[in-house]
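Protein chains in written order, with the working numbering: chain A, 569 to 897; chain B, 1294 to 1609; chain C, 919 to 1504; chain D, 194 to 453. No residue lacks a Cβ here, since even glycine has one placed at the ideal position from N, Cα and C. Okay, structure first, notes after.
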Amino acid sequence: MRRHFGRKLLIYAVTFFVAVTVDWVIPRFMPGDPVQTMLARASLRPEANQAMQAYYTSVFGLDVPIWEQYLNFWGALLRGDLGVSIWLFPQPVTSVLLRAVPYTIALLGPAILLSWWAGNKFGAYAARRKWLDNTVLPVGYVLTATPYMWLGILLAWALATVAGIFPIAGGYSFDVEPSWSWGFLGNLAQHWFLPFASLFLVGFGGWAIGMRNLIIYELEADYAHYLAALGAPRRLVRRYAFRNALLPQLTGLALQLGVLVAGALVTEIVFSYPGLGYLILQAINNQDFFLIQGAFLFIIIGVLLANFLVDVVYVLVDPRTRVGMRGGA
Amino acid sequence: MSLKVDNLKVWYRTLRGDVRALDGVTFGVADGELVGLVGESGCGKSTLGKSLIRLDGRMRHVDGTVELDGKELPIGDDAAMNRFRFKEVSIIPQYAMSAMNPTRRIGKLAAELLESRGVRPAGVREELLRRLELVGLAPEVLDRYPIELSGGMRQRMVMVLSTLLNPSLLIADEVTSALDVSTQKAVAETLVDFRDRDYVKSTIFITHDLSLVYQIADSVVVMYAGRLAEKAPTDALVASPRHPYTRMLLAALPEVGVRYGARRLAGIPGSPPSLLDPPKGCRFRDRCPLAFDRCATQPPLTEVAPDHHVACWKAS
Amino acid sequence: MRDKLRLLIAVAVVCLLVAACTGGGNDAGSGSGQQAQPAGGAPAGPASYPRNETLYISGTQWGPPNNWNPIMDWQYATGTEGLVYENLFIYDPMKGQYKPWLASKGGWTSKNVYELTLRDGLTWSDGKPLTSADVVFTFELGKFASVPYHNLWDWLDKAEAVDGRTVRFTFSEPLYQQWGNHLYNRAIVPKHLWEGRSEKDVATGANEKPVGSGPYLYQTHSQDRMVWVKNDKWWGKTALGLDPEPKYIVDIVNSNNNAALGLVLQGGIDLSNNFLPGIATLVKGGYQVQTYFPDPPYMLSANTAWLVLNTTKKPMADPAFRKALADSIDVDKIVNGVYGQIVQAASPTGLLPAWDKFVDKSVVNQLGFSYDPAKARSLLAQAGYKDTNGDKFVEGPNGAKIELNLIVPNGWTDWMESIRVVGESAKAVGIKVNTEFPEFQALVDARNKGDFDMLINNEKQLSNSPWEYYDYMFRLPVQESQSTANFGRYENKKAWSLVQQLDKTPTDDEAAMRKVTSQLQRIQLSELPVIPLWYNGAWAQANNTVWTGWPSAKDGDSHLMPVTWRNYWELGSILMLADLKPAATK
Amino acid sequence: MVLAFLVLAVVGPLINGHGPNEYVGPPAQRPSAAWWFGTTMFGQDVFAQFVHGLRSTFLVGLLGGALAAVIGMVIGFTAGYRGGAVDEGLNMVTNVVLVIPTLAVLLIIATYLKVRGVVPEAIFIGLFSWPWVARAIRAQTFSLASRDFVDLARLSGAGGARIVVTEIAPNMSSYLFMTFILLFGGSVLTAATLDFIGLGPTDGMSLGLMMNNAVLWSALPLGMWWWFVPPGLGITMIVGALYIMNVGLDEVFNPKLREL
């Protein structure tokens, strides 16, 4: 078991290293330099421009040899410093991101866990009713096949533009200031709901199907037959089947994380929800590598942590891994 | 007579039609009797075993009755059957190795199973421990997960579990096939032991291994193509097999000590008929060296000697 | 594990309920209230701004507000200059005149000495008086190399405070036009707070909690909004007799058009300076929405979109080819098809309507161009561009194949659509022009290095003087990186000396200015270094639900620019705030 | 269903002569006999865009899916068959790529590509969506590699590669096929996402791009549903149909699911 975690940690370490390096390298290889882009927006007199160019190049630490930049990058990274945003100069990237992250987490966390939980429950439930099964299956598959943004657009159009029940965009109404009042929280929740819903629905479909199929496999397992032969009630058998089916679903969760994050990003964009995704889009449009880099790192770290969490949970719930057999994600 | 099976017909539903896996099987098992049920694979012996306790999704009870201790078993009715399972009829499945939920501690599994059948686990714990000891398992196994036990240990565990409520009929389905010779012997003896200790009244021991049957069974039932070929006390059957199929089966057995060079192993030429639409009359006809026109009609199961029943025109 | 999940769902369910309730509640109240609620919004929480005292604007802020430093005048949160920090004068391009603001008057006492007098009783929002010392200090900040207006000191000799209200500027070489620009573009900062600051701080500091002299103060900001609150002790109330109506100004950061347009229609935004496609159809659509003109072009013009040609490459180096290309482009198709008539086609000179008085009609009539494929073809033929290899496209006089790339930044959808039109119409006369959409970054790089065929650019905004416009067009010398002007790398000594001459012409001597511009136009139209295509609009959609009194072309309405973009407050729209009236009191 | 779309994608561009970006009709027309799916803000034919979009969608699906499948298979087979150090190494690689959030990488790459086409997009998607395939195949190969018919082949002196191709692969062909279908769907969705963010092909048309445009040009408040409904629906239909088709295959391949 120690070995198990040893390997995992190693993998994570490597992943992190690779990711960070990639993350650092790419901007260096792309055309043009950030400072120029930044100043391009300031229509300065040419003579001024020269001076500024030099000045900002040093501000962003782009005036030292490449290898030194790389080392500095790591150094800064370990100090939790992701550099200064170009687009939002002179804000430090870290603080910009930290302002956005809560929204994303508030969106992603519940969406993932709830859809997973509800999806599994429902899938298991569907697996035992023929008619339900027949309806759930197609619906579920269609749901998983739906592009997040499209579902988002439809919801926004139907419930926001046409019905006007929910706001089209934003984190909270423009006429309120943040406070711990019910009014404000309600307002938040109201803006949160549509993006959440579109994430939830797509996820839900996938999990429901996964669980449905797994349950059916489990019910065909030897232990299920044995219990039945000894006259154990279906309740018991199903309980076992469900519990055992949860394990692969858990692995699935780990595998899905990347995709889910992607989903969150586009959904945020649809609803211009002030989270990471929306930020990334803007960073991209404004060619702000430092911000893009930072955001990417945040995501990497987030996904890594989540993966690790899943691993731990997995080991906790699956005796087989604990016994030292290889297993888990 | 603790078990009476009369003209039992159980068919398999398949896309291509009904497979007549059991086509009118009749026999009885006396109290304390340990019956060996033998036959080539696909002859319906496992089906018989299953249908006595639980028909799986594709099986259909077509005709015939099963009576246990004077009560009729509603084998066609899954729900009604529950009353008898585990308590009256129990099974040690072919797949005993993997018969336990991998994610439950064995003790917990047992407890939950018992409770679900309305038995207080505490009440039988003593007995459980005693029997574990009997089969040479330490009490600790109850705190283990199945994965932590060796195949043999798991199998013994299942044997104990299945017989915990002293069923009157135990079906041991191919329990030895997956084991090496020495363990086979041990398992077989355990079955006898259980019978002697009255943990179970009577046992049906399903296998394709005649020699093992010879060692432990009181009587033997030979099945062929969904029908009974011959039933007789073990010695009688081995000494004077009446049904040509039985003879060939016995002939196919290597005798220990005999060099194969001296006496070629006589396999049985041909293969059993398809049970989708089995031929009229005796089903062994096509492979039978003694076959003659009469065989075109199904020979009845007749008692040719005390407790010795054969279904063959030539036999009587 | 499952317990954990249980807990979670419980929490989430609560959230959903809350959402549903507020949602439902809002729905119920929305029948009439909806319009007055921003963001299709929730019933306003306690800490909310009363709708009828709040002005919602959008279209100025392209990212979360991140600094309030008037020195970084391309980065500060819009409104930092204009609402908080103020200028000596403001310049009204509609009337073409300077309005005294912090300064009460100013003028040239001699050829190279400019003297200005500040108003009496100017104060900073912290109560301290605003004096000539602050003005001198502000200009002297320019001595830092990293301050954008550093180059001012190449021709400004010294700035001194004669007395508390008088400042005297002595020039080594007076550049009147540029100086005019500085007069309304330099935001005056308080010496007593800025004195100690390092160069880094001055040039790149975020300057949170800005203290200025203007009519509004910093209230709060977040990712998607910037909120200003009225400064009740503003000096202008008495000195200028101006009293801005809105207590709060909420500047909503641009998100996507859906959100913006939706809000404008619902009355969630009072004034949107976004480019909102399809607005034309909605102005007539019975919504409360109005634009400066009731019909096409609906919008005033803010800058000129040029087709920039790389004159160092063949065949763009050939004036004849450039003219032929100019004649081939069907600008009306762009105006109608892409923009739905909310922009207008540029005049051959490309000078904005506001500068009309500097256009020499006779020159235009003689040399001007217009969409005329036939003429384009004949011009090409005369200049020796013929289809020699029968691919339907002309080759160069030397038989060289001609295939040109026209680029605009990816994602700039209206331009992307526009150049598709340009490409098509060029092909129609036999010039093979392909369209490409590189990322902005890459485009800037190529543009500055001169590593392109053609691109669209509109970098010179409306300003006080056509000099800026020609400076952009003819600037010399061509450096190896052209970062701000003359991207086409067009070299014409005569034109450049004329531009410099124009710069040295006093702003009040329009006759002299016209003499120079007419010569410049003669060169421009006969050489066509860049091809003016259309005037980008000063996008402005106002909603009358809550506030009325918006500027418009109607007589009786104020003829200001209803635009709150960076540097447009100083172009007079600050005055608009005083004209606004709550709709209720109408 | 899928086939219907495929046909449409192939012949569609032929039956209506004009390109997806040409201005052919009056702007913002509702669907009608003349314009089956209506027209965009600039009077482009939504139907024309749709069919061209379908094209690139299928292209991305095929290319991306195929590439991913190939990489996954190569790695999965080698890892599973060779085992040992090779396996460890490949496993490490797989895990690394697996954990890195694909879209984030694609975003970054896409951002730095000067000019983007459908093909490179598909390739990049393929390059990052293979890990789970590799994993699954590796597992399968493990179980198969120990079967006796493989031993036989080995005894008969066949080379590793040959064994994989002739003995192992055929035995999981059904599985491989289903994997490919999943990958196809995956690539299509990923591509749609990228396009929607505005990092899609900078030339040409795709369903994701259509949605992107619809949103950029505020089709929602203008109520131009015919602009953003078809593309999304198209994607959903195709991918959904594929998945369901997969279930069908699955039921054919393992009877367990057929019961119940």
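Answer with buried or exposed for residue i, where buried requires no fewer than 16 other C-beta atoms within 10 angstroms of its C-beta.
i       : result
K1310/C : exposed
R1587/B : exposed
N688/A  : buried
N875/A  : buried
W642/A  : exposed
I868/A  : buried
P1582/B : exposed
W635/A  : exposed
L877/A  : exposed
P1439/B : buried
A1372/B : exposed
V1249/C : buried
V1080/C : exposed
W325/D  : buried
Determine the DSSP secondary structure at residue i, reduced to helix, strand or coil.
i       : result
R1520/B : strand
Y841/A  : coil
L1495/C : helix
W775/A  : helix
T1222/C : strand
Y994/C  : coil
A1403/C : coil
F1498/B : strand
M1352/B : strand
R1104/C : coil
F1087/C : strand
P324/D  : helix
A1544/B : helix
Which residues bound the beta strand (DSSP E) around residue i?
i       : result
M878/C  : Lying before the first or after the last residue shown, residue 878/C is absent from chain C, which here runs from 919 to 1504.
M1234/C : Where M1234/C is concerned, there is no enclosing beta strand (DSSP E), given that its DSSP letter is neither H nor E.
M1372/C : M1372 to N1375
G1310/B : G1310 to V1322
T1353/C : V1351 to E1354
I need the boundaries of the alpha helix (DSSP H) containing residue i, first residue and last residue.
i       : result
D280/D  : G277 to V292
E1426/B : P1414 to L1427
Y1390/C : P1384 to F1392
G1154/C : G1154 to A1157
E1163/C : That residue, E1163/C, is in no alpha helix (DSSP H); it is neither H nor E in DSSP.
Could you tell me which residues DSSP puts in a beta bridge with residue i?
i       : result
D1299/B : T1358/B
E1365/B : E1360/B
A1294/C : Partner(s): none; A1294/C has no beta bridge.
I361/D  : Per DSSP, none; premise fails for I361/D.
H572/A  : The partner list for H572/A (beta bridge, DSSP) is empty, contrary to what the question assumes.
D1500/C : Checking the sequence shown, residue 1500/C turns out to be Pro, not Asp. Paired residues: W1465/C.
If you measure from the CB of residue i, is any heavy atom of the ligand ZN nearer than 8 Å?
i       : result
I1337/C : The ligand ZN is absent from the structure shown, which contains no ligand whatsoever.
Within the segment 694 to 773 of chain A, ranges of the alpha helix (DSSP H) (whole runs, at least 4 residues): 698 to 713 and 716 to 723
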